[in-house]
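Novice: Chains V and X supply the protein sequences, listed in that same order. As numbered in the UniProt record's numbering, residues 1 to 333 make up the first sequence, in order. As numbered in the UniProt record's numbering, residues 1 to 333 make up the second sequence, in order. We treat Cβ as the ideally placed atom computed from N, Cα and C, and that holds for glycine. Note that the structure is a prediction, hence the values are computed from the model and not measured.
There are 2 protein chains.
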Amino acid sequence: MEVKGQVTAEKYAADISSIREAQLRIGSFIHRTPVISSETLDAIAGRKLLFKCECFQKGGSFKFRGACNAVFSLDDDQAANGVVTHSSGNYAAALSLAAKLRGIPGYIIIPKNAPKCKVENVKRYGGRVIWSESNLRSREDTATKVLQETGAVLLHPYNDGRTISGQGTISLELLEQAPQLDAIIVPISGGGLISGVALAAKSINPAIRVLAAEPMGANDAAQSKAAGRIITLPETNTIADGLRAFLGDLTWPIVRDLVDDVITVEDKAIVEAMRLCYEILKVVVEPSGAIGLAAVLSDDFRNNPAWKDYCNIGIVLSGGNVDLDVLWDSFRK
Amino acid sequence: MEVKGQVTAEKYAADISSIREAQLRIGSFIHRTPVISSETLDAIAGRKLLFKCECFQKGGSFKFRGACNAVFSLDDDQAANGVVTHSSGNYAAALSLAAKLRGIPGYIIIPKNAPKCKVENVKRYGGRVIWSESNLRSREDTATKVLQETGAVLLHPYNDGRTISGQGTISLELLEQAPQLDAIIVPISGGGLISGVALAAKSINPAIRVLAAEPMGANDAAQSKAAGRIITLPETNTIADGLRAFLGDLTWPIVRDLVDDVITVEDKAIVEAMRLCYEILKVVVEPSGAIGLAAVLSDDFRNNPAWKDYCNIGIVLSGGNVDLDVLWDSFRK
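Now the structure itself:
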């Protein structure tokens with residue numbers, strides 16, 4: 001065992017204890033999502049693939065686990081005035097739903113150019129939409145204003161120990177459902193998902209490998225791992241709209257120490273993997289959700305001798321929130 | 001309990017014993033498909049809906065259960081020369097795969113105008129495609145010729161006790177996964193699926209209701225139930241290409257006695273239900289697969305006082321084999 005693969009307590013923003021606590025806290029609210037497989041895809045990949053279907057999670061993505069854990073970790077006084085986040089993505093819907101379940105207001109700051117289906121999701125789950133301009137400054141200013149006016153608590157979509165712990169519950173379920181896994185492939189963006197997954201999985205089975213899948217057009221995690229420090233990019237360019245965030249100061253140390261490698265894939269491969277999810281698995285995934293399959297089918301992965309012996313691979317299908325019309329156009333390109 | 005709801009042994013082509021035997025026979029070959037739910041859809045329906053995802057079954061539909069049971073029920077001498085069927089639908093792929101697993105030839109007679117994706121499915125699973133003209137006479141003549149030349153065994157897609165028993169294993173799983181069900185809604189075509197589901201479900205829980213969902217443009221089962229005898233139609237007209245067959249002499253008595261009612265729905269409602277499956281459930285279903293959801297959302301069902309107290313409803317999402325391009329056009333109409 002490599003030293004870097006070992007999980008030591010209290011070193012990171014979350015650990016196996018906080019993840020098990022999260023499981024108890026959110027267990028009655030979340031879906032225990034199924035793991036499915038396809039021999040047709042196994043034949044294509046040359047390995048056994050086990051897909052953890054977080055696209056079936058409430059809110060349509062894994063984000064609900066972390067949001068739910070964060071919201072229900074607040075004591076009554078903290079929670080009384082509600083919660084705030086700025087997000088145009090899956091965390092916005094997830095936090096809306098978690099706040100609704102707690103019976104407190106969820107204020108969601110959304111840039112005016114956000115996709116229609118994401119805004120609808122927020123409204124569907126009872127979130128209070130507050131518009132901002134699309135630049136970061138406007139989003140932060142709006143957040144500050146909302147915090148002052150409401151006394152609500154700001155929750156970060158990924159750079160938060162409670163969120164990381166919630167996402168880690170995926171591994172607790174997955175390794176019960178598929179204890180034979182040699183490796184788990186997880187999409188990486190801000191690092192909340194993969195941090196939780198890696199902390200829990202390596203605590204349960206130190207030999208398991210955790211690999212990140214990242215779009216070429218937003219490969220800050222690959223660059224960060226290579227540089228040994230957080231790298232941010234001046235701009236990102238990928239169809240995977242959920243994977244454009246950068247690592248935070250709480251997720252970075254976990255990604256640095258516990259993620260065994262980052263596999264980068266082109267958007268074209270993401271779209272092809274999405275099509276396989278639809279046609280073979282019969283599961284609706286968003287581009288970010290399909291990237292794990294794209295990674296395992298990539299030449300980089302197939303031809304790397306280091307990964308030759310990974311026979312049983314878990315893939316987290318992280319979400320399924322996609323505008324079908326937009327999606328269809330990408331298939332037809 | 002109504003007398004007509006009671007299941008008596010040896011009266012029909014299958015019974016709970018043959019269904020339990022089927023479960024033992026096919027258990028290692030099939031997927032135990034997950035049951036998923038959505039509070040968003042529950043709110044729309046005004047009831048708790050539990051979706052049995054047979055679209056994730058091998059071959060992409062429930063048909064593999066029956067095909068597998070039929071093929072593995074043959075003794076070695078019977079099986080030696082292979083199996084034949086004429087089908088352009090899901091049974092063709094299912095039988096191809098079952099034959100491959102048994103290590104025998106699977107001859108599939110397919111009309112020349114069959115959808116491309118269905119033919120590809122047959123080939124993917126190792127079936128031997130034999131073309132016929134699209135009329136019934138040509139298909140039967142071709143089948144006779146293949147039987148004479150090969151000595152293979154003809155297997156019927158639904159009018160066969162072994163097939164019905166295989167489909168019945170769905171209820172065994174579903175009532176373990178969701179024992180609280182008050183009713184199960186099942187697509188009806190030739191009646192093989194609903195016969196197996198009804199026999200097993202009512203044997204386990206005589207109080208459970210089994211409802212058929214049928215397209216208005218192929219409503220032979222509704223007409224048959226009303227007339228008290230098998231009615232066939234001069235033509236059918238529905239987007240649900242899997243639901244155009246008519247009841248057989250083995251399925252009809254079961255449908256007559258054990259199916260509590262038939263709910264007919266327009267194609268427009270089927271397309272709308274498909275869209276909900278994609279957008280809310282994140283599951284890819286073919287039109288036939290979505291009809292159960294369309295039925296439970298129909299005014300006929302909602303407004304019928306007889307069904308008012310059905311709070312927990314199982315819906316069989318029967319299959320997910322759909323040409324995505326064709327599908328998309330139907331969404332955009």
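1. Decide if X/Trp131 is buried, meaning its Cβ has at least 16 other Cβ atoms within 10 Å, or exposed.
2. Can you pull the chain V residues whose beta carbon is under 9 Å from the beta carbon of X/Lys48, in chain order?
3. Scan the segment 57-89 of chain V and note each continuous beta strand (DSSP E) run of 3 residues or more that stays entirely inside, going in chain order.
4. Need the endpoints of the alpha helix (DSSP H) that X/Pro253 sits in, please.
5. Excluding the 5 residues flanking V/Val271 on each side, which residues of the same chain have their C-beta closer than 6 Å to its C-beta?
6. Let me know the secondary structure DSSP gives X/Ser132 once reduced to three states.
7. Can a CB atom of chain X be found closer than 8 Å to the CB of V/Thr85?
8. Who pairs with V/Ile313 in a beta bridge, going by DSSP?
9. What are the residues that DSSP puts in a beta bridge with X/Ala212?
10. Buried or exposed: where does X/Pro215 fall if 16 or more other Cβ atoms within 10 Å of its Cβ makes it buried?
11. Hey, could you find the ends of the beta strand (DSSP E) X/Ile108 is sitting in?
12. Exposed or buried, X/Cys311, counting other C-beta atoms within 10 Å across all chains shown (16 or more means buried)?
13. Can you tell me which of the three DSSP states V/Gly319 falls into?
14. How many angstroms separate the CA atom of V/Thr238 from the CA atom of V/Pro187?
15. Hey, would you say X/Val296 sits closer than 8 Å to X/Ile315, going by beta carbons?
16. Taking the alpha helix (DSSP H) that X/Cys55 falls in, what are its first and last residues?
17. Can you pull the chain X residues whose beta carbon is under 7 Å from the beta carbon of V/Thr40, in chain order?
18. Kindly give me the distance between the Cβ atoms of X/Ala245 and X/Gly190, rounded to whole angstroms, as I take these residues to be in contact under 8 Å.
19. Along the segment 299-326 of chain V, where does the CB come closer than 7 Å to a CB of chain X? Name the residues.
20. Could you tell me which residues DSSP pairs with V/Leu154 in its beta bridges?
21. Once you ignore the five residues that flank X/Asn304 on each side, which residues in its own chain have a CB closer than 7 Å to its CB?
22. Flag V/Phe72 as yes if its beta-carbon sits less than 8 Å from any beta-carbon of chain X, otherwise no.
23. Note down, in chain order, all residues in the segment 265-288 of chain X with a beta-carbon under 8 Å from any beta-carbon belonging to chain V.
24. Examine chain X for any beta-carbon lying closer than 8 Å to the beta-carbon of V/Gly168, and answer yes or no.
25. Using the DSSP secondary-structure output, state which residues sit across from V/Ile36 in a beta bridge.
26. Once the 5 residues before and after V/Leu49 are set aside, which same chain residues still bring their CB inside 7 Å of it?
27. For V/Ser88, which residues in the same chain have their Cβ closer than 6 Å to its Cβ, ignoring the five residues on either side in sequence?
28. Leaving out the 5 sequence neighbours to the left and right, which residues in its chain are closer than 7 Å to V/Ala143 when beta-carbon positions are compared?
29. Output the distance between the C-alpha atoms of V/Asn219 and X/Glu133, rounded to the nearest integer angstrom.
30. Would you call the segment 274-290 of chain X and the segment 18-28 of chain X touching, i.e. three or more CB-CB distances under 8 Å?
31. Starting from V/Glu176, follow the alpha helix (DSSP H) in both directions and report where the run begins and ends.
32. For X/Val326, which of helix, strand or coil comes out of DSSP?
33. Which term fits X/Arg25, buried or exposed, when burial requires 16 or more other beta carbons within 10 angstroms of its beta carbon?
34. Give the DSSP-derived three-state secondary structure of X/Val285 in the structure shown.
35. Is X/Val322 buried or exposed, if buried means 16 or more other CB atoms sit within 10 Å of its CB?
Specialist: Considering the structure as presented:
1. Here residue 131 of chain X corresponds to residue number 131 of the second sequence, with the count starting at 1. Counting Cβ neighbours within 10 Å, X/Trp131 comes out exposed, since fewer than 16 surround it.
2. Position 48 of the second sequence, counted from the start, is the residue given in the question as residue 48 of chain X. Those do not exist, as X/Lys48 stays about 14 Å from chain V at its closest Cβ, beyond 9 Å.
3. Assignment of beta strand (DSSP E) within the segment 57-89 of chain V, counting only whole runs of 3 or more residues, yields 83-86 in chain order.
4. As a working note, residue 253 of chain X is residue 253 in the second sequence. Run containing X/Pro253: 252-258, per the alpha helix (DSSP H) assignment.
5. Numbered from its first residue, the first sequence carries residue 271 of chain V at position 271. Ser330, listed in sequence order.
6. Here residue 132 of chain X corresponds to residue number 132 of the second sequence, with the count starting at 1. It is a strand residue.
7. Position 85 of the first sequence, counted from the first residue, corresponds to residue 85 of chain V. Not one beta carbon of chain X lies nearer than 8 Å to the beta carbon of V/Thr85.
8. Locating residue 313 of chain V in the first sequence gives position 313, where the first residue counts as 1. Answer is V/Leu49, V/Ala183.
9. Start at 1 with the first residue of the second sequence, and residue 212 of chain X comes out as number 212. Paired residues: X/Val186, X/Val262.
10. Position 215 of the second sequence, counting from 1, holds the residue named residue 215 of chain X. Counting Cβ neighbours within 10 Å, X/Pro215 comes out buried, since at least 16 surround it.
11. Here residue 108 of chain X is taken as the residue at index 108 of the second sequence, counted from 1. Where X/Ile108 is concerned, the enclosing beta strand (DSSP E) stretches over 106-111.
12. One-based indexing of the second sequence puts residue 311 of chain X at position 311. X/Cys311 is exposed by the Cβ-count criterion.
13. As a first step, residue 319 of chain V is located in the first sequence; it is residue number 319 there, counting from the start. It is a strand residue.
14. Taking the first residue of the first sequence as position 1, residue 238 of chain V is located at position 238. Taking the first residue of the first sequence as position 1, residue 187 of chain V is located at position 187. Computed Cα separation, rounded: 13 Å.
15. Position 296 of the second sequence, counted from the first residue, corresponds to residue 296 of chain X. Position 315 of the second sequence, counted from the first residue, corresponds to residue 315 of chain X. Cβ distance < 8 Å, so X/Val296 and X/Ile315 count as in contact.
16. As a first step, residue 55 of chain X must be located in the second sequence, where it is residue number 55. Here X/Cys55 belongs to no alpha helix (DSSP H), and DSSP marks it neither H nor E.
17. As a first step, residue 40 of chain V must be located in the first sequence, where it is residue number 40. Here the neighbours are Arg124.
18. Position 245 of the second sequence, counting from 1, holds the residue named residue 245 of chain X. Position 190 of the second sequence, counting from 1, holds the residue named residue 190 of chain X. With a Cβ gap of about 4 Å, X/Ala245 and X/Gly190 count as contacting.
19. Gly320, Leu324
20. As a first step, residue 154 of chain V is located in the first sequence; it is residue number 154 there, counting from the start. Its beta-bridge partners are V/Val84.
21. In the second sequence, residue 304 of chain X corresponds to position 304, counting from 1. Closer than 7 Å at Cβ, skipping near neighbours: no residue.
22. Residue mapping note: residue 72 of chain V aligns to position 72 of the first sequence, counting from 1. Residue contact check for V/Phe72 against chain X: no CB pair falls below 8 Å.
23. Arg275, Tyr278, Glu279, Leu281, Lys282, Val283, Val284, Val285
24. Taking the first residue of the first sequence as 1, we reach residue 168 of chain V at position 168. No, V/Gly168 lies away from the interface with chain X (no Cβ there is under 8 Å from its Cβ).
25. Looking up residue 36 of chain V in the first sequence gives position 36. V/Ile36 pairs with V/Phe51.
26. Walking along the first sequence from the start, residue 49 of chain V turns up at place 49. Once the five neighbours on either side are set aside, the close Cβ partners of V/Leu49 are Ser37, Leu41, Asp42, Val296, Ile313, Ile315.
27. Here residue 88 of chain V is taken as the residue at index 88 of the first sequence, counted from 1. Ile110, Pro111, Ala114, Lys118.
28. As a working mapping, residue 143 of chain V is identified with position 143 in the first sequence. Closer than 7 Å at Cβ, skipping near neighbours: Val84, His86, Ile109, Leu154.
29. Here residue 219 of chain V is taken as the residue at index 219 of the first sequence, counted from 1. Here residue 133 of chain X is taken as the residue at index 133 of the second sequence, counted from 1. Between V/Asn219 and X/Glu133, the C-alpha separation is close to 54 Å.
30. Judged by Cβ distances under 8 Å, the segment 274-290 of chain X makes no contact with the segment 18-28 of chain X, as fewer than three pairs qualify.
31. The count along the first sequence starts at 1 and reaches residue 176 of chain V at position 176. 161-177 is the span of the alpha helix (DSSP H), which, as asked, contains V/Glu176.
32. Sequence index remark: in the second sequence, residue 326 of chain X carries index 326 (1-based). Of the three classes helix, strand and coil, the one that applies to X/Val326 here is helix, per DSSP.
33. To locate residue 25 of chain X, count along the second sequence from 1; it is residue 25. With 16 or more other Cβ atoms within 10 Å, it is buried.
34. Working through the second sequence from its first residue, we reach residue 285 of chain X at position 285. Reduced to three states, the DSSP call for X/Val285 is coil.
35. Position 322 of the second sequence holds residue 322 of chain X. Result: buried.
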